[in-house]
Amino acid sequence: YKWTSLTGGTNGLAGIPRPPLTFGPLGSLPVEGETAFYFEVLAAAAGGALLLHRVGRSPLGHILRGIRANEARMRALGFPVVRYKVAALTLAGALAAVAGALHAAYTGYVSPDSLDWITSGEVLIMVLLGGAGTLVGPVVGAAIFLFLREVVSTLTQHWMLYLGALFMACVLLFPQGLVGVLRGRRA
Numbered sequence: 288y289k290w291t292s293l294t295g296g297t298n299g300l301a302g303i304p305r306p307p308l309t310f311g312p313l314g315s316l317p318v319e320g321e322t323a324f325y326f327e328v329l330a331a332a333a334g335g336a337l338l339l340h341r342v343g344r345s346p347l348g349h350i351l352r353g354i355r356a357n358e359a360r361m362r363a364l365g366f367p368v369v370r371y372k373v374a375a376l377t378l379a380g381a382l383a384a385v386a387g388a389l390h391a392a393y394t395g396y397v398s399p400d401s402l403d404w405i406t407s408g409e410v411l412i413m414v415l416l417g418g419a420g421t422l423v424g425p426v427v428g429a430a431i432f433l434f435l436r437e438v439v440s441t442l443t444q445h446w447m448l449y450l451g452a453l454f455m456a457c458v459l460l461f462p463q464g465l466v467g468v469l470r471g472r473r474a
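All the letters of the sequence shown, read from the start, carry residue numbers 288 to 474 under the working numbering.
Okay, here's the thing in structure tokens:
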């Protein structure tokens with residue numbers, strides 16, 4: 288809050304530019320503005336999803352699943368559990384940093400109010416609703432959450448109460464998330 292010369296303090300930073308959509312010596316796409324930024328975000332999301340998919344199927348992913356299932360057993364097998372947890376946290380932090388940078392470029396502004404407890408709670412609801420143990424679960428959860436928020440908020444001013452009750456019911460009835468339930472029925 289106090290390092291105003293770098294962060295803008297409580298006022299935040301304004302005028303954050305959007306990155307240009309260029310491919311070095313190959314030039315750029317014949318799109319500009321919102322369309323160009325859409326393709327940048329799409330490329331970043333696809334790249335992040337591909338990276339997470341590859342990591343999930345790699346030896347690192349298998350070890351991380353083993354740690355999630357039984358940390359003591361993995362430690363007894365000789366795996367440096369803390370090191371693998373730090374690696375997973377670092378990867379998650381790097382992807383969150385890319386998302387934050389894209390959000391700042393989208394809005395052109397960033398401040399401490401950009402991520403308050405309500406936003407954090409909404410993201411957590413999206414993940415839990417879709418399914419935390421899958422790649423596609425949080426995407427499905429986000430789509431459902433945003434759709435319901437838009438629809439229910441037009442029906443009543445107490446929409447948060449109804450959405451909260453609905454999400455509590457979903458978490459209690461579907462602890463693996465909606466994608467987890469669908470996968471369970473397929474198997």
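We treat Cβ as the ideally placed atom computed from N, Cα and C, and that holds for glycine. Since the model is a prediction, treat every value here as computed from it, not as a measurement.
Buried/exposed call for residue i, threshold 16 Cβ in 10 Å
i: residue 441; result: exposed
i: residue 380; result: exposed
i: residue 354; result: buried
i: residue 434; result: exposed
i: residue 373; result: exposed
Residue i, DSSP secondary structure in three states
i: residue 414; result: helix
i: residue 291; result: helix
i: residue 322; result: helix
i: residue 351; result: helix
i: residue 329; result: helix
i: residue 309; result: strand
Residue i and residue j closer than 7 Å at C-beta
i: residue 303; j: residue 392; result: yes
i: residue 365; j: residue 424; result: no
i: residue 240; j: residue 362; result: Only positions 288 to 474 of the chain appear in the structure, and residue 240 is not among them; the question remains open.
i: residue 382; j: residue 320; result: no
i: residue 450; j: residue 466; result: no
i: residue 422; j: residue 337; result: no
i: residue 405; j: residue 454; result: no
Residue i beta carbon near the ligand FMN (any heavy atom closer than 6 Å)
i: residue 447; result: As presented, the structure is devoid of all ligands, the ligand FMN included, so that no description of it is given.
Q. Are the stretch 411-424 and the stretch 457-469 touching, with three or more C-beta to C-beta distances below 8 Å?
A. Three or more Cβ pairs drawn from the stretch 411-424 and the stretch 457-469 lie within less than 8 Å of each other, which places the two stretches in contact.
Q) Counting Cβ pairs, one atom from each stretch, are 3 or more of them under 8 Å apart for the stretch 291-307 and the stretch 388-402? A) Touching, yes.
Q. Are there three or more Cβ pairs, one per stretch, closer than 8 Å when the stretch 320-333 is compared with the stretch 349-364?
A. Under the 8 Å Cβ criterion, the stretch 320-333 does not count as touching the stretch 349-364, having fewer than three qualifying pairs.
Q | Complete runs of the beta strand (DSSP E) confined to the stretch 358-441 [at least 3 residues] | A | As far as the stretch 358-441 is concerned, it has no whole beta strand (DSSP E) run of at least 3 residues.
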